[in-house]
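Visitor: Sharing a structure here in structure tokens format.
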Amino acid sequence: MVSLRVLLGAAFAVAQTVSAGNCIFREGDIIALKADTGKYVTRCRNCVVGAAYPDSVNFQTPINSGTPYSYWTIVDAGNGKIALKGDLGNFLARCNNCVPGAAYPDEAFVHVSDWRSGPWAQWTCEDADNGKIALKADSGKYLARCNNCLKSGPADAAFVHADTWKSSPWAQFEVEYLKRASNCIFKDGDVIALQADTGKYVTRCRNCISGAAYPDSVNLQSPINAGTPYSYWTVYNTGDGKIALKGDLGNYLSRCNNCVPGAAVPDEAFVHVSDWKSGPWAQFTCEDASNGRIALKADTGKYVTRCNGCVPGGPSDVVTMHVNNWRDGDYAQFTVVKKPVVLEIMLNEATQTLTLGSSQRTLMLGSMFAGFCLTLVAVYAYNYRKHEARGFQRIL
């Protein structure tokens, strides 16, 4: 019988192949949206006579630091959607019958103060497969440039009226970044993996270093999947700009001084601290390496680093804290890979089944297998349609 871990591992591998292309955003990214005319989606105050709100949306050029009304800040609205925050704090939204005599009922305005107040301020980003994106509103129609659709107003205004972005260049937008959000923005509970410059991942390893002060040292391993929980870390913000990384058994990644006899450097990484509050050695300052990677500074001021041949008789690559500057080499920089949430939930449920009776376990496994099948179907359908739709993915 195929084990549950094997099934989950297969689902994880499939899910990892899903890519969101041009719709990969980080919360806090500041972007401009370039239309097919070469002009940009722009908030325009008092540009539409008789409108229900002052800030309509049209298209303008050029844009620069002096035109903040042409830029939008990405906010993760959850459920694969995004919200677009304008320069004055309100959000881009669909507005129904807000312009008397308009060619279509739904025009774009920047009038919603909180995107949570309604789905009309939330957008599904879809990859147009040509380096552009499309933004689908809650009505099922797409944000688009509309020419001569106002009785009195700009020649080109933004409406939500396109049934599809296909063969409709006016419903497709090129994303230009003014500022990328930091790679170091995490939410409490984010589950991540840290990929080193070798392509392998920071991993808790039990009894892998002979004579060590603690059983759980840290080395690099691959591949990772749903069956390798020891390669994942749950992030917690300490409240003072630092983070703590909780391992799969509940202890935290920490600096351990002189814990390996004969090691080339004094500070090695272990997963031995039960509470990050017990000392600064279990807290790390995350720094953006500006290349899609992060660096982790320990309480000594030195950085978490891949160290080759540093432990006699141990793994070839272990994790230490001995580099003074992460810019010295790629070995002190790590790519953050977020674990798919659905598989995290399924893994947690899998752990719970170990404590159930046989009949309860059978019921639980049956439910989980059904959920697994639905997950695979959803992922397959997503891949089949990926030239059509790509949702928000939070990249950390």
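Taking mature numbering (1 follows the signal peptide of the UniProt record, and there is no 0), I'd label the letters of the sequence shown as residues -20 to -1, 1 to 376. Backbone N, C-alpha and C define an ideal beta-carbon position, used for all residues, glycine too. All values derive from a computational prediction rather than experimental measurement.
#1: Mapping DSSP to helix, strand and coil, what is Cys3?
#2: Look at Pro80 and Gly30 and say whether their C-beta atoms are less than 7 angstroms apart.
#3: Can you give me the C-alpha to C-alpha distance between Ala176 and Asn271, rounded to a whole angstrom?
#4: Leaving out five residues on either side along the sequence, give the residues of the same chain with a beta carbon under 6 angstroms from the beta carbon of Tyr216.
#5: Have a look at Ala57 and Val182 and give me their C-alpha separation to the nearest angstrom.
#6: Taking Cβ to Cβ, would you say Arg235 is nearer than 7 angstroms to Trp261?
#7: Could you tell me whether the Cβ atoms of Leu123 and Leu115 are closer together than 7 angstroms?
#8: To the nearest angstrom, how far is the alpha carbon of Asp107 from that of Gly289?
#9: Pairing CB atoms from the region 5 to 16 with CB atoms from the region 43 to 54, are three or more of them under 8 angstroms?
#10: For Asn128, which beta-bridge partners are listed by DSSP?
#11: Ignore the nearest five residues each way along the sequence and tell me which others in Val316's own chain have a CB closer than 7 angstroms to its CB.
#12: Confirm, please, whether the CB-CB distance from Ala142 to residue 419 is below 7 angstroms.
#13: Quick one: is Asn2 buried, meaning 16 or more other Cβ sit within 10 Å of its Cβ, or exposed?
#14: For a cutoff of 7 angstroms on Cβ pairs, would you count Pro246 as touching chain D?
#15: If we count the other Cβ atoms within 10 Å of its Cβ and call it buried at 16 or more, is Pro257 buried or exposed?
#16: What is the rounded straight-line gap between the Cα of Thr214 and the Cα of Gly227?
#17: So, are the CB atoms of Val240 and Val291 less than 7 angstroms apart?
#18: In whole angstroms, what is the alpha-carbon distance linking Thr144 and Asp109?
#19: Cα separation between Ser296 and Asn199?
#20: When DSSP builds the beta bridges, which residues end up paired with Ser22?
#21: Within the present structure, is the beta-carbon of Val251 separated from the nearest heavy atom of the ligand GDP by less than 6 angstroms?
#22: For the beta strand (DSSP E) that contains Asp268, what are its first and last residues?
Guide: In terms of the structure at hand:
#1: helix
#2: yes
#3: 13 angstroms
#4: Asp168, Ala224
#5: 30 angstroms
#6: yes
#7: yes
#8: 44 angstroms
#9: yes
#10: Asn128 pairs with nothing; no bridge assigned.
#11: Asn163, Ile172, Leu174, Ile274, Leu376
#12: Since the first residue shown for the chain is -20 and the last is 376, residue 419 is missing from the structure and cannot be characterised.
#13: buried
#14: Going by chain labels, chain D is absent from the structure shown, which holds only one protein chain.
#15: Per the sequence presented here, residue 257 reads as Lys, with Pro not at that position. Exposed: under 16 other Cβ atoms inside 10 Å.
#16: 7 angstroms
#17: yes
#18: 14 angstroms
#19: 8 angstroms
#20: Residue 22 is actually Thr in this sequence, not Ser. Beta-bridge pairing links Thr22 to Asn38.
#21: Ligands are entirely absent from the displayed structure, and the ligand GDP is therefore not among its contents.
#22: 264 to 268
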